[in-house]
Structures are given as C-alpha cells and as structure tokens.
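There are 2 protein chains.
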Amino acid sequence: MAKVKPSIPKGTRDFGPIELKKRSYILNTIETVFKKYGFMPIETPSIENLSTLEGKYGDEGDKLLFRILNSGDAFKEIRERNSDEKISNFKFQNSDISEKGLRYDLTVPFARYVVQHQNEIVFPFRRYQMQPVWRADRPQKNRYREFWQCDADVIGSNSLLNELDLILLYDEAFRKLQISKYELRINNRKILQGIAEIIKGKEFLNSISIAIDKLDKIGEDEVKKELIENKFTENECTNLFKIFKLNGTNSEKLLSLKNILSQSTEGLKGIEELEFVINSLKHSSTQSPNLKIDLSLARGLGYYTGCIFEVTAGEGTIKSSIGGGGRYDNLTGIFGLENISGVGISFGLDRIYDVMDELKLFPENLKANNTKLIFCYFDEASQNYCLQAINKVRNGGIASEIYPDIVKKISKQLDYANKLEIQFAAIAGENEMKEGKFMFKDLFAGTQELLSIENIIEKLK
Amino acid sequence: MAKVKPSIPKGTRDFGPIELKKRSYILNTIETVFKKYGFMPIETPSIENLSTLEGKYGDEGDKLLFRILNSGDAFKEIRERNSDEKISNFKFQNSDISEKGLRYDLTVPFARYVVQHQNEIVFPFRRYQMQPVWRADRPQKNRYREFWQCDADVIGSNSLLNELDLILLYDEAFRKLQISKYELRINNRKILQGIAEIIKGKEFLNSISIAIDKLDKIGEDEVKKELIENKFTENECTNLFKIFKLNGTNSEKLLSLKNILSQSTEGLKGIEELEFVINSLKHSSTQSPNLKIDLSLARGLGYYTGCIFEVTAGEGTIKSSIGGGGRYDNLTGIFGLENISGVGISFGLDRIYDVMDELKLFPENLKANNTKLIFCYFDEASQNYCLQAINKVRNGGIASEIYPDIVKKISKQLDYANKLEIQFAAIAGENEMKEGKFMFKDLFAGTQELLSIENIIEKLK
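Structure, rendered in structure tokens:
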C-alpha cells in the first residue's frame with residue numbers, strides 16, 4: 333500500500349470531540365423543541381435516484397448535485413452504443429454513467445417519502461428530519477459541501493396555524509440557543525405575484541424574484557440593470573423599488589400594500605395570509621418573535637407558493653441565513669400525489685454553529701471528555717486492584733477509565749488526565765492496597781484523601 | 333417537471349417515526365456505554381479522497397466503493413487525452429473521472445484522522461464514532477448498501493488492558509440491549525500465524541485465513557478443496573482442521589495449543605495475549621462475558637495483527653455478525669505515522685436492529701409520537717382560546733400540539749389523536765370557554781373532566 337499524505341476533500345470537515353459536543357448541543361436543543369411541538373422523526377437515504385433529485389432545484393441545483401458512478405463497468409454501455417465514434421467527437425453525458433446522487437436537501441426527499449408512504453401516514457403529518465446534505469458548491473467561509481439541515485414540516489393541512497406554529501418553534505429554538513437577536517423575515521409569494529401583476533404582468537414573477545433575491549449581495553443598481561435587461565422600463569424599476577422599500581411596522585406595511593395591490597386578488601390573498609399570522613401571534617405568544625415583513629424576500633426555490641421565511645443571526649459578522657422555509661402547495665405533485673399542501677422550516681446546523689462560536693454562545697461546561705474518574709497505578713498488582721474497582725464504579729453509573737499502560741511515573745498518567753480535563757483520579761500503590769483504599773485526588777482543587785472505593789462512588793454520584 | 337414514480341435505490345431504506353425511535357434507542361444505549369467507558373466522539377466526512385480509501389479493503393473492497401463523479405465536465409480530460417482513439421478501443425477507468433468516494437468503514441478514516449490531527453490528540457486516544465457507511469454490495473436480507481457502524485477504538489497504547497476494556501464494553505452494551513445470549517468469539521492473528529508456520533509456512537497465513545473465513549458458509553469439504561488448490565496436501569489439511577476443531581473450555585484450548593505451537597515464537601505470543609485477556613477478566617468482572625476462543629475466526633481485513641473479535645446474536649435466525657474488531661499494529665503507517673498500535677470494536681446498528689426486532693427486545697413504551705396533549709376546538713374563537721393555552725403548556729415543558737384545521741366534527745380530531753396514540757386531549761367549545769376551562773380527556777382510559785389549563789399542566793407534569 334503506497335503512502336499517501338492524509339487529506340480530506342475541500343468543503344468537508346473532520347469534527348473532533350469538543351466540536352462534536354457543541355454540534356450535539358445544537359442538535360439536541362433543536363430536537364427537543366421539535367418534539368415539544370409534536371413533530372415526529374423520519375430519515376431518508378443519503379443516496380437518491382437522480383430521477384428524484386434532478387429538475388427540482390433549478391439548473392443551478394442540477395449542476396451542484398453530487399453524482400455517484402454506476403457500479404461495475406460504468407462505461408460498458410457507452411462503449412457499446414458508440415463503438416465507431418472518436419472520443420473527441422462524442423459528448424459524454426454524466427447521466428450515461430450515473431443513476432444516483434447524494435441528497436441535496438431534505439424537502440424533496442420528504443415529498444418523495446410522503447408519496448411513497450402515503451398509506452402509512454396519518455395526515456396532517458408533522459415530521460422532523462435532521463441529516464446531512466451535499467452540494468458541490470464552491471467552498472468558502474461558512475459554506476460547506478457537506479452540511480446538516482434540521483427540518484420541520486407539516487404536510488396535509490392548508491391551515492395558516494401551521495405557519496404560526498413554525499414561527500413559534502423558530503422563536504423558542506433560537507432563544508434556547510441564546511441567538512435571541514435573531515431576525516425572522518417573512519414574505520408571501522402571493523404578494524410577490526401581486527406586485528408582478530401590478531408592475532408589469534403575472535409572468536414576470538420569476539424575473540422579479542430572481543433579481544430581488546440578489547438585492548443584498550449586489551445592490552440596487554445592479555438589480556436594476558438586470559431588470560432592464562429583462563425588458564423592465566426605468567419607470568417600472570422605480571415603482572418596484574418603492575414597494576420593496578416600504579417603511580414602518582408590520583401592520584403599516586400591510587396597510588400601504590393593501591392600497592398598492594388593491595387590483596390584485598392574488599396579492600390581497602397574500603396580504604390576508606400575513607395578517608392572519610401576525611394577528612394570531614398576539615393570541616398565542618407572551619413575547620413577540622422577532623418577526624419582520626420583508627417584501628424583498630423572495631427565496632430562490634421554485635416550489636414555494638405562500639408564506640416564505642428566512643432567518644439571520646441579527647448580530648456578529650455572519651450575515652447569511654441560518655434558517656429558512658415556506659409553504660409549498662403541490663410539491664408532492666411531481667411524484668404523483670396532487671393537492672397536498674405543506675409548510676416547513678429548516679435550521680442550518682453549520683451556520684448556527686459558526687454564529688454561536690463567534691458570539692461565544694455555547695455553555696461553558698461543554699467538555700470534550702466524559703470521564704469523571706481515572707484509575708492510576710504502578711505495577712501489575714495495583715493494576716489488578718484497579719480493575720476490580722473500576723467495575724464497581726461503572727456499575728454505579730459513573731464514567732470512568734483506567735490508564736492502560738504500566739508506566740512507573742504516576743505523573744505521566746496524571747498529565748494525561750489533566751490534558752483531558754478529567755477532574756478525579758484514584759491512585760493505587762502498595763500503601764493504598766494494604767489499607768484496602770485509594771488515594772482520591774481532585775485534580776481541579778488540588779486536594780487528596782485516602783478513601784475506600786465505596787466512599788469514592790458515593791462522593792461522585 | 334416530469335412526473336416520476338417515487339422509489340429509492342436498492343439497498344437503501346426510508347425510516348419512519350417508530351423505526352427511528354427504535355434505532356435511536358440502540359444508538360443511545362451504545363453511546364451511553366461508550367461515554368461511561370471514557371470514549372470521546374469524532375466524526376469524519378461522508379466523502380473521502382479515493383487515495384485514502386483505495387487499497388485498504390482488498391480488491392473486493394475497492395470494487396464495492398461508491399465513487400463520486402467529478403464536478404463540472406467530468407469527461408474533459410478523457411476527451412483531450414485520447415482525442416483520436418475510437419470509443420470502442422479505449423478502456424475507460426473509473427479513476428479518470430472520479431477522485432472521491434463514500435466512506436466504506438470507520439476505521440480507515442479514523443487512521444487518516446489520527447495522522448492528520450496527531451498534534452491535537454492526547455494519546456492514548458479513546459475515540460468513538462457513530463456514522464453511516466456505504467458499500468455497493470449485492471443487497472440481500474440483513475445486508476444494506478447504506479448502514480451504520482458504531483466504533484470504539486483506543487489508539488496509541490499497546491496494552492492488552494484495552495482489549496479487556498472493549499470486551500467489557502461489548503458485554504455491558506449487549507446486556508443493556510437485552511441481547512444477553514450474544515456470543516463473543518475471540519482469536520489472535522499471531523496464533524493463526526503460528527498455525528501457518530507449523531502446518532506449512534509463514535507465508536501461507538493469508539491463504540489459510542481466507543479459506544477458513546468461509547468455513548461457516550461453505551463447509552469443510554469446500555474449504556479443503558480451496559486449500560488443495562492452493563498447494564496444501566491432504567495431510568496438511570487434516571492437521572489444520574484438527575486444530576480448528578479443538579474442543580474444551582477456553583483454558584483447555586489454550587493448553588492444547590501451547591503444545592501444538594511450541595515451536596512458534598509468534599504463536600506462543602498470541603497464546604500469551606489471549607491468556608492475559610482471559611485471566612484479567614477474572615479480576616475485573618462480576619459476571620463473565622460470553623467469550624469463546626474460536627481458532628477458526630480469521631476476519632477478512634488485512635490490517636489486524638493481534639486479538640480479533642466477532643459477535644453474533646446467539647439466538648434467532650440471524651447468524652451473521654452484529655459486531656467485530658481487533659488490534660492493528662500499524663494502520664496509521666499507510667498515512668505516514670509509524671508504530672502507533674490501536675485496537676477497536678464495532679457495533680453494526682442495522683443488524684442489531686434486525687436481531688432485536690426479530691427477538692422482540694425493544695422496550696414496549698417506544699412510541700412514534702411524543703405529543704402528550706392535543707388541543708381540539710370548533711371554530712375561530714375556540715381556536716384562539718386554545719392558542720393562548722398551548723403556549724402555557726409548552727412553557728411547562730409538555731409536548732403538545734393543536735389540531736391545525738377547523739373541522740366542525742370533533743371526532744375527526746380525536747381520530748387523528750387516537751391514530752397517533754396521543755393520550756390526552758383538551759377540548760374547547762362554547763361551554764368550556766364560558767367557564768374558562770377545558771374538557772380534559774384521557775383517550776386511553778376513556779375518562780374526562782372539566783379543568784383549568786393550570787390544573788391540566790399540573791396533572792401532566
């Protein structure tokens with residue numbers, strides 16, 4: 333076996349013990365809230381058929397799918413089908429040799445799951461799912477090729493109470509994580525539809541959505557340029573930006589919008605939906621979620637049809653979203669089950685981690701190591717003496733380990749304990765064995781006393 | 333978007349809520365034991381460079397790797413390098429268009445991790461890792477293409493105390509899972525080496541290992557045939573099988589073996605190692621692990637050098653292994669870090685699940701749904717009344733949901749609750765609102781009473 337300098341693919345990461353403790357802390361916090369809100373877990377395979385994935389995330393998404401080479405002689409068919417052609421002339425397709433791809437998000441596999449298991453599911457179905465996804469994106473700061481999403485969706489119910497519930501869930505989870513300045517922006521695709529109608533025509537919803545989605549990144553001038561390339565007039569652009577820049581509280585914005593969109597049935601429907609959500613919040617919550625109507629919020633994914641959400645941290649240097657979601661009226665339709673409306677939100681574990689790390693929001697008591705007590709000794713006899721004792725300690729439910737190698741110097745063993753921040757050590761030498769006890773050390777406090785193993789267990793419990 | 337009949341790749345599975353609860357139960361049980369024994373978590377990427385994976389699992393393993401197509405125009409290089417050749421003449425290599433693959437096990441990525449992070453690690457390093465792996469194996473009963481391994485390894489210590497600790501860990505975990513009839517078979521590669529020396533010659537270790545690994549599957553006659561094809565004589569085969577079929581207790585087997593291998597230093601070293609482990613167990617454990625020396629245990633993977641383990645359920649129809657492991661003296665060597673010995677064990681989540689499902693070993697109280705209380709109502713007014721209350725219930729830490737749609741028939745809402753096995757319902761109608769209370773139903777017991785929300789919270793806490 334040739335020697336290789338070890339490395340991992342760009343955009344992927346190893347996680348050491350302390351990083352994993354922090355990641356688990358986030359996952360557990362979110363999962364606890366998911367459960368408290370009545371959501372049930374599912375998991376889907378990492379590998380999906382490309383027929384399930386392709387065409388669901390737009391052209392850009394198709395490019396970013398990780399494709400898996402067919403097993404065996406992947407090229408057999410190519411060779412046979414095109415035997416006389418020169419290689420230079422033949423345009424190979426990835427699909428010629430690949431039928432499967434890695435999960436790109438959790439929503440499309442969920443829709444596939446719902447259709448495939450429709451007879452086992454009790455609707456409305458409240459499901460959560462916490463799994464990695466993969467995108468062959470250009471890696472950069474806070475953007476990875478393997479990252480985790482934590483999704484909660486309610487499918488099989490049109491009720492806006494679900495939007496409300498998900499907003500409350502977002503609020504509780506982010507507060508629990510101490511990201512209490514989070515900003516939850518909300519908009520509605522029907523309002524965007526209405527705006528398109530009023531400004532230029534229904535069919536321009538997409539070009540407007542794509543353009544304003546970039547407002548934050550490229551600024552008003554560039555967005556305007558793009559719109560004009562898409563046949564918008566100077567005047568239409570001015571009117572559009574006037575709407576996106578509407579000022580005031582949520583209620584004031586909705587009021588202005590009602591006038592602007594008074595001729596659009598669809599637009600008024602969108603306003604009504606936002607109104608319901610915002611009014612219902614008053615009934616249900618003692619403290620208001622940090623909810624803000626943002627008319628320039630569009631969300632790239634084509635399947636959204638109603639309310640849409642996006643969350644940012646609200647402080648620190650990371651401005652990109654740490655969560656998002658929305659209502660989709662017919663996502664399961666592509667898989668053959670029509671008219672099942674759903675709404676969902678997603679937490680981005682990795683960005684949330686980066687935010688919490690920067691803002692120092694992790695609890696201070698997270699430790700890489702779980703061991704409470706380490707056994708140290710000098711020779712074979714004291715090793716056997718420790719072996720008897722560790723069994724009792726572990727039976728008492730106390731996390732414990734025994735230093736594995738006989739090293740005469742006890743300081744080397746304690747050095748190991750100190751580096752791993754293990755607080756307690758039980759040391760056995762000739763004297764301790766004679767007394768039937770251990771030298772019990774608190775390595776943090778620097779104290780020690782001679783104790784029986786039973787007393788040590790009692791102290792640590 | 334074209335309609336596609338939803339399906340998932342063969343060998344992969346969806347997991348619904350109750351299956352996931354059971355899987356979590358196993359994972360949590362194993363993880364609790366890992367922590368109790370002082371192991372620390374790491375995770376490695378699902379995607380590794382093929383240079384890390386290839387050549388580590390034998391030719392068979394290389395064939396079973398899932399390879400990921402390079403992003404962008406994967407064929408560019410092929411077209412350019414071979415422009416004039418005919419497709420039919422050109423032998424494409426998977427490596428021409430693929431540089432990355434999916435994780436095949438947790439041990440090789442762990443070795444890669446140790447070398448890459450050697451300066452951050454405190455040795456001896458006790459790590460655990462619980463993640464999925466992927467193999468393009470032929471799917472069959474109890475064999476999947478995506479499955480989970482749960483590994484614990486100690487690296488950076490030669491001490492046999494680690495073997496002992498891992499045996500105790502296996503014992504505790506399988507007993508906690510109620511797989512109390514598990515069989516842990518143990519052997520030592522050095523003994524196999526000694527047997528090869530005595531019977532025919534050192535260099536025949538591999539052909540002996542490969543052949544006897546199949547003893548269970550194909551039987552003695554077929555193994556003999558294979559050995560004879562590999563230049564073994566009839567007589568050598570007879571001697572070999574005599575050893576593999578040694579009878580008696582562990583101590584008796586070791587005694588016989590000492591005579592047989594008395595001329596092999598390596599063989600005697602292996603016997604000594606097993607003796608140490610078996611004798612130390614007497615010091616450390618109140619109950620004996622179900623440990624049995626099996627001289628025909630070989631384990632396919634080439635990197636093992638000392639003790640090797642394999643676990644089977646010991647009852648039921650599933651005979652294939654649910655765990656395994658062993659000592660490897662220089663696995664990190666391939667990545668440039670020499671002379672670091674390690675030993676590890678693995679739990680196969682999916683097989684353990686299949687065993688527990690067959691033997692009905694899961695706790696009976698595992699439920700798909702977490703919701704304790706569901707709110708039901710008749711109209712918008714009572715919906716708002718419920719919204720105020722659910723907030724209080726959730727603040728009290730009680731998992732709760734509100735039926736999302738206004739359906740006049742309360743029976744439809746209760747039907748949903750019954751299907752999900754939700755035990756308690758709080759119903760709000762005109763009368764309840766007038767009294768400032770809820771009709772509190774125990775759907776399991778079939779009882780009900782009129783209670784304030786505070787009383788309900790108290791009851792459910």
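Protein chains in written order, with the numbering used here: chain A, 333 to 793; chain B, 333 to 793.
Cβ coordinates follow ideal geometry from the N, Cα and C atoms, glycine included.
Please read these numbers as outputs of a predicted model, since none were measured by experiment.
| query | In chain order, which alpha helix (DSSP H) runs of at least 4 residues are fully inside the region 619-693 of chain B? | reply | 681-691
| Run through DSSP, which three-state label would V465(B) get? | Locating residue 465(B) in the second sequence gives position 133, where the first residue counts as 1. In this structure, V465(B) counts as strand in the three-state DSSP scheme.
| message | Taking 8 Å as the limit between beta carbons, can you name the residues of its chain near Q525(B), skipping five residues before and five after? | response | Sequence index remark: in the second sequence, residue 525(B) carries index 193 (1-based). Close CB contacts of Q525(B) within its chain, under the 8 Å cut and outside five residues either way in sequence, are with K534, L537, S596, E598, G599, G602 (chain order).
| task | From the DSSP output, in three-state form, read off E733(B) for me. | result | By 1-based counting over the second sequence, the position of residue 733(B) is 401. Correct three-state label for E733(B): strand.
| request: Would you please verify whether the beta carbon of G638(A) is less than 8 Å from any beta carbon of chain B? | output: Here residue 638(A) corresponds to residue number 306 of the first sequence, with the count starting at 1. No, because no Cβ of chain B sits closer than 8 Å to the Cβ of G638(A).
| request: Return the CA-CA distance between D394(B) and Y748(A), expressed in angstroms with no decimal places. | output: Counting from one through the second sequence, the residue named residue 394(B) turns up at place 62. Counting from one through the first sequence, the residue named residue 748(A) turns up at place 416. Looking at the two C-alpha atoms, the distance is approximately 38 Å.
| field | Sheet register partners of K460(A) (DSSP bridge) | value | Translated into positions along the first sequence, residue 460(A) becomes position 128. Here the sequence assigns Tyr to residue 460(A), which means Lys is not the residue at that position. For Y460(A), which the question treats as bridged, DSSP gives the partners P373(A), A484(A).
| query | Does the separation of the CB atoms of F770(A) and Q755(A) fall below 8 Å? | reply | Indexing the first sequence from 1 puts residue 770(A) at position 438. Indexing the first sequence from 1 puts residue 755(A) at position 423. Against a cut-off of 8 Å, the Cβ pair of Q755(A) and F770(A) comes out as no contact.
| request: Just the chain B side, please: which residues come within less than 7 Å of M462(A) by C-beta, in chain order? | output: Counting from one through the first sequence, the residue named residue 462(A) turns up at place 130. Within chain B, no residue comes near M462(A); the closest Cβ sits about 10 Å away, beyond 7 Å.
| Comparing the C-beta of V454(A) with each C-beta of chain B, is any distance below 8 Å? | Along the first sequence, one-based indexing puts residue 454(A) at 122. Yes, its Cβ sits closer than 8 Å to a Cβ of chain B.
| said: Determine whether the beta carbon atoms of L509(A) and L693(A) lie at a separation below 8 Å. | reply: Counting from 1 along the first sequence, the entry for residue 509(A) is found at position 177. Counting from 1 along the first sequence, the entry for residue 693(A) is found at position 361. Yes, the pair counts as a contact, with Cβ atoms nearer than the cut-off.
| query | Using a Cβ cut-off of 7 Å, which residues of the region 746-780 of chain A contact any Cβ in chain B, in chain order? | reply | Going along the region 746-780 of chain A in chain order, one finds Y748, K751, L752 with a Cβ nearer than 7 Å to chain B.
| Reduced DSSP secondary structure (H/G/I, E/B, other) of E380(B) | Residue mapping note: residue 380(B) aligns to position 48 of the second sequence, counting from 1. Looking at E380(B) - three-state DSSP - the assignment turns out to be strand.
| said: Buried or exposed, going by whether 16 or more other CB atoms sit within 10 Å of the CB of I560(B)? | reply: The residue given as residue 560(B) occupies position 228 in the second sequence. By the C-beta density criterion, I560(B) is exposed, having fewer than 16 other C-beta atoms within 10 angstroms.
| Does M333(B) come within less than 8 Å of chain A when only Cβ atoms are used? | Counting from 1 along the second sequence, the entry for residue 333(B) is found at position 1. Only weak support exists for where M333(B) lies, its pLDDT of 49 falling under 50; the value from the coordinates is given anyway. Yes, contact with chain A.
| query | Is there at least one Cβ from chain B nearer than 8 Å to D545(A)'s Cβ? | reply | Looking up residue 545(A) in the first sequence gives position 213. D545(A) does not count as touching chain B.
| request: Report back the beta-carbon spacing between L705(B) and S732(B) to the nearest angstrom; my notes put them in contact at under 8 Å. | output: In the second sequence, residue 705(B) corresponds to position 373, counting from 1. In the second sequence, residue 732(B) corresponds to position 400, counting from 1. With a Cβ gap of about 5 Å, L705(B) and S732(B) count as contacting.
| message | Residues in the same chain with beta-carbon distance under 6 Å from E504(B), minus the five sequence neighbours each way, listed in chain order, please. | response | Here residue 504(B) is taken as the residue at index 172 of the second sequence, counted from 1. Result list for E504(B): V365, in chain order.
| request: Any chance you could list the alpha helix (DSSP H) runs of at least 4 consecutive residues sitting entirely within the region 543-614 of chain B, in chain order? | output: Runs of the alpha helix (DSSP H) inside the region 543-614 of chain B: 547-561, 566-576, 582-592.
| message | Below 9 Å on C-beta distance, what does L352(B) contact in chain A? | response | For this step, residue 352(B) is matched to residue 20 along the second sequence. Within chain A, the residues near L352(B) are M372, P373, I374, E375.
| Rounded C-alpha distance that separates G488(B) from F573(B) | For this step, residue 488(B) is matched to residue 156 along the second sequence. For this step, residue 573(B) is matched to residue 241 along the second sequence. If you take the alpha carbons of G488(B) and F573(B), they lie about 36 Å apart.
| field | Residues that S794(A) contacts on chain B, provided the C-beta gap is smaller than 7 Å | value | Here chain A comprises residues numbered 333 to 793, so residue 794(A) is not present and cannot be evaluated.
| message | Can you look up T779(A) in the DSSP assignment and give me helix, strand or coil? | response | The residue labelled residue 779(A) in the question sits at position 447 within the first sequence. T779(A) falls in the strand class under three-state DSSP.
| Could you check where the beta strand (DSSP E) with A721(B) kicks off and where it finishes? | Residue 721(B) sits at position 389 when you count from the first residue of the second sequence. Taken as a continuous stretch (DSSP letters only), A721(B) belongs to no beta strand (DSSP E), being part of the alpha helix (DSSP H) at 712-727.
| field | Same chain, Cβ closer than 8 Å to M333(A), five either side skipped, listed in chain order | value | Here the question's residue 333(A) lines up with position 1 in the first sequence. Its pLDDT being 49, under 50, M333(A) is placed unreliably by the model, and nothing is read from it.
| message | Starting from L800(B), trace the alpha helix (DSSP H) in both directions and tell me its first and last residue. | response | Since the first residue shown for chain B is 333 and the last is 793, residue 800(B) is missing from the structure and cannot be characterised.
| task | Determine contact between the region 713-725 of chain B and the region 670-689 of chain B, defined as no fewer than three beta-carbon pairs at a distance below 8 Å. | result | no
| field | Coil, strand or helix - R435(B) by DSSP | value | Numbered from its first residue, the second sequence carries residue 435(B) at position 103. In this structure, R435(B) counts as coil in the three-state DSSP scheme.
| message | Quick check: what's the CA-CA separation for F398(A) versus A468(A)? | response | For the purposes of this step, residue 398(A) is identified with residue 66 of the first sequence, where counting begins at 1. For the purposes of this step, residue 468(A) is identified with residue 136 of the first sequence, where counting begins at 1. Between F398(A) and A468(A), the C-alpha separation is close to 6 Å.
| message | Can you tell me whether R413(B) is buried or exposed? The criterion is at least 16 other CB atoms within 10 Å of its CB, across all chains shown. | response | As a working note, residue 413(B) is residue 81 in the second sequence. With fewer than 16 other Cβ atoms within 10 Å, it is exposed.
| said: Quick check: the Cα distance between V643(B) and T649(B), rounded to an integer number of angstroms? | reply: Working through the second sequence from its first residue, we reach residue 643(B) at position 311. Working through the second sequence from its first residue, we reach residue 649(B) at position 317. The straight-line gap from Cα to Cα measures roughly 15 Å.
| So what does K773(A) bridge to, in DSSP terms? | Here residue 773(A) refers to the residue found at position 441 of the first sequence. Answer is A757(A), Q780(A), bridged to K773(A).
| message | For a cutoff of 8 Å on Cβ pairs, would you count K791(A) as touching chain B? | response | Mapped onto the first sequence, residue 791(A) falls at position 459. No - not a single Cβ of chain B is within 8 Å of the one on K791(A).
| field | Distance, C639(A) Cα to N490(A) Cα | value | Position 158 of the first sequence holds residue 490(A). Position 307 of the first sequence holds residue 639(A). The straight-line gap from Cα to Cα measures roughly 12 Å.
| request: Give the interface partners of D346(A) over in chain B, defined as CB-CB distance under 8 Å, in chain order. | output: Within the first sequence, the letter at position 14 stands for residue 346(A). Neighbours of D346(A) on chain B, chain order: I374, E375, T376, P377, Y445, Q448, H449.
| field | Near-chain B residues of the region 458-489 of chain A - C-beta to any C-beta below 8 Å | value | R458, R459, P464, W466, A468, R477, E478, V486, S489
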